[in-house]
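Numbering follows numbering that gives the first Met the number 0, with no gaps: position 314 of the sequence shown is 313. A quick write-up on the structure given underneath.
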Amino acid sequence: MFSFILKRILMVIPTFIAITLITFALVHLIPGDPIEIRMGERGLDPAVHAQMMSQLGLDLPLPEQYFNYIKGIFHGDLGNSFRNNEPVLKEFFTLFPATVELAFFALLWSLVIGIFLGVIAAVKKNSWISHIVTTLSLTGYSMPIFWWGLILILYVSTPLGLPASGRLPSEYWIETNTGFMLIDTWQSGEPGAFLAAIKSLILPAVVLGTIPLAVITRMTRSSMLEVLGEDYIRTAKAKGLNTTRIVFVHALRNALIPVVTVVGLIVGQLLSGAVLTENIFSWPGIGKWVIEAINARDYPVLQGSVLIIATIIILVNLLVDLIYGVVNPRIRNT
């Protein structure tokens with residue numbers, strides 16, 4: 000077990016190095032001069048331009064900039080934003096709760112409904128129910144996030160009275176102690192604010208959770224079909240156990256093991272999908288912050304946000320690997 004854990008941890012190191020290299024290279028390949036974009040002037044005096052480039056460290060050779068970037072990482076300093084000179088880490092963790100809250104509820108509803116639909120589709124194999132579930136999951140997986148978001152805004156938001164933008168209507172003013180709007184509105188003692196926060200969360204969570212829902216449904220269905228064909232399930236049926244007990248007690252427990260491994264990939268999909276979702280619904284989280292940084296050529300924000308998000312995804316996948324190794328001893332020898 001120790002060698003399995005060590006092997007997985009050592010695999011993280013080259014991945015981390017590759018992420019820093021690729022992120023740094025891609026960020027600096029984005030067309031546009033961050034100084035000109037920041038100042039909003041095409042005819043900027045060359046002396047002023049050179050001075051600002053020097054202040055931001057952009058006049059240094061790229062290898063030296065990369066070395067300074069890596070040195071800052073090991074000192075816990077990801078630099079300051081070009082736009083407001085705020086530390087990247089401070090800005091990130093100020094906005095991160097909004098993205099976590101959105102991603103958590105998107106994952107929650109997609110897991111619950113996805114597992115349920117996958118089980119139903121497997122139990123009702125070759126029935127019209129199974130065909131409908133399979134078709135819907137394929138449609139959900141293929142649906143573009145921006146298109147799905149706009150459809151919900153146009154045809155669902157107004158009829159159901161669900162806000163199409165923001166985390167809380169402007170009529171409420173809540174002190175954000177934790178950054179998690181549901182917690183803060185609950186602590187405020189205003190039931191109306193808490194309900195408004197839930198309603199504001201519904202549409203973006205539905206959009207962000209649609210693709211994970213499709214993945215979980217298909218994975219659960221295929222895993223359940225495999226488990227239901229095992230000898231011990233046939234033995235349980237021969238002993239006269241009722242179908243509900245066989246499915247939810249004996250089969251589902253083992254069928255969920257492969258689903259656990261998909262959760263790590265889904266976390267990555269949620270964080271990347273949040274970039275589009277947050278911009279569609281004006282959700283003030285990391286995704287919206289990243290798009291604004293791209294438009295402003297804010298190198299420190301782009302490098303820092305991608306690095307932190309990638310690190311989170313790596314750690315989640317590492318944790319999933321370790322959990323999978325515990326519940327499935329056969330994987331430890333791979």
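Beta carbons: idealized from backbone N, C-alpha and C, even for Gly. All figures in this text were calculated on a predicted structure; none of them were measured in a lab.
- Residue pairing of P86 in beta bridges, as defined by DSSP: N79.
- Annotation for T175: D183 place their beta carbon closer than 6 angstroms to its own, counting only its chain and skipping 5 residues before and after.
- For K236, the enclosing alpha helix (DSSP H) starts and ends at D230 to A237.
- A distance below 7 angstroms between beta-carbons, with the five flanking residues on each side excluded, links W147 to the following residues of its chain, in chain order: V206 and T209.
- In the structure shown, Y171 falls within a coil segment according to DSSP collapsed to helix, strand and coil.
- A check of alpha carbon separations from A196 across L202, R166 and I8 identifies R166 as the nearest.
- For the 8 angstroms CB-CB criterion, T216 and V258 do not form a contact.
- When D320, F15, L202 and I313 are compared, the shortest CA-CA separation from I256 is found for D320.
- In the displayed model, D44 falls within coil according to three-state DSSP, outside both helix and strand.
- For S187, the CB contacts under 6 angstroms within the same chain, skipping 5 residues up- and downstream, are I173 in chain order.
- The beta carbons of Q64 and G56 sit closer together than 8 angstroms.
- Taking C-beta atoms as the reference points, V99 and L251 fail to come closer than 8 angstroms.
- From the listed residues E90, I112 and S221, the smallest Cα separation to A121 is found for S221.
- Counting every other CB atom within 10 Å of its CB across the protein chains shown gives F104 a total of 16 or more, marking it as buried.
- Close CB contacts of L88 within its chain, under the 6 angstroms cut and outside five residues either way in sequence, are with L77 (chain order).
- Assignment of W282 by DSSP, reduced to helix, strand and coil, places it in the coil class.
- Taking every protein chain shown into account, the CB of E170 has fewer than 16 other CB atoms within 10 angstroms, so this residue is exposed.
- Excluding sequence positions up to five before and after P168, its CB lies within less than 6 angstroms of the CB of A195, all in the same chain and listed in chain order.
- A straight-line Cα-Cα distance of about 7 angstroms links A235 and I245.
- The DSSP-derived three-state label of E189 is coil.
- Residue burial annotation: H130 is exposed, with fewer than 16 other C-beta atoms found within 10 angstroms of its C-beta.
- Membership of V132 in the alpha helix (DSSP H) is indicated by the continuous run W127 to S141.
- Burial state of Q54 is exposed, judged by a 10 Å Cβ sphere holding fewer than 16 other Cβ atoms.
- The criterion of a C-beta distance shorter than 8 angstroms is not satisfied by P203 and F95.
- Around the C-beta of I265, 16 or more other C-beta atoms lie within 10 Å, and the residue is accordingly described as buried.
- About 6 angstroms separates the CB atoms of Q302 and F23; that is less than 8 angstroms, so the two are in contact.
- Restricted to the stretch 89-117, not a single alpha helix (DSSP H) segment is unbroken, complete and at least 4 residues in length.
- K70: member of the alpha helix (DSSP H) spanning L61 to F73, first to last residue.
- Just so you know, the alpha carbons of L269 and A46 end up roughly 44 angstroms apart.
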